[in-house]
Amino acid sequence: MRDSYFNKEQKRKKIDYIVGHAPDKKDKILKCWDCGDEFVFKIGEQGFYQSMKFAPPKHCPKCRARRRHEKRKREKELSFNEER
Ligand SMILES: [Zn+2]
Numbered sequence: 084m085r086d087s088y089f090n091k092e093q094k095r096k097k098i099d100y101i102v103g104h105a106p107d108k109k110d111k112i113l114k115c116w117d118c119g120d121e122f123v124f125k126i127g128e129q130g131f132y133q134s135m136k137f138a139p140p141k142h143c144p145k146c147r148a149r150r151r152h153e154k155r156k157r158e159k160e161l162s163f164n165e166e167r
């Protein structure tokens, strides 16, 4: 009886340990590959990226917006060239 209680306690402690040391339990500071700026990868975002099976972002929000904008511009130019 005492043994099983002890085992349960051990198990619970092990889970606490795993959860407490999960790397995704706090905001992460990542460095942008483009401009070298540091940006925060928030817990909420980490959860989202994980659930979507995305790799962590490599670029700061600023560069991401710029790249998105450039991509759209390129696609526009491409479709414009195709039309001619
Ligand atoms: Zn950047």
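Take any residue in the sequence shown, count from 1 to its spot, add 83: that is its number in the numbering used here.
In this text, a Cβ means the ideal position worked out from N, Cα and C, and glycines have one as well.
Quantities reported herein were computed from a predicted structural model and do not represent experimental measurements.
Worksheet entry | Under 7 Å between C-beta atoms of residue 136 and residue 116 | Contact flag unset, no.
Worksheet item: According to DSSP, is residue 111 helix, strand or coil?
Response: DSSP places residue 111 in the strand class (E or B) of the three-state scheme.
Discussion item. Distance check for residue 110 and residue 120, CA to CA, integer angstroms please.
Written reply: Taken atom to atom, the span from the alpha-carbon of residue 120 to that of residue 110 is near 16 Å.
Worksheet item: What residues match up with residue 121 in a beta bridge as DSSP calls it?
Response: Answer is 114.
Worksheet item: For residue 136, does the three-state DSSP call read helix, strand or coil?
Response: DSSP, reduced to helix, strand and coil, places residue 136 outside both helices and strands of the structure shown, so it counts as coil.
Worksheet item: Taking Cβ positions, are residue 124 and residue 113 nearer each other than 7 Å?
Response: Yes, these two residues count as a Cβ contact at 7 Å.
Worksheet item: CA-CA distance, residue 150 and residue 90?
Response: Approximately 53 Å, taken between the alpha carbons.
Discussion item. Let me make sure I understand the geometry here. Which of 147, 126 and 144 has the alpha-carbon closest to that of residue 108?
Written reply: The option with the nearest alpha carbon to residue 108 is 126.
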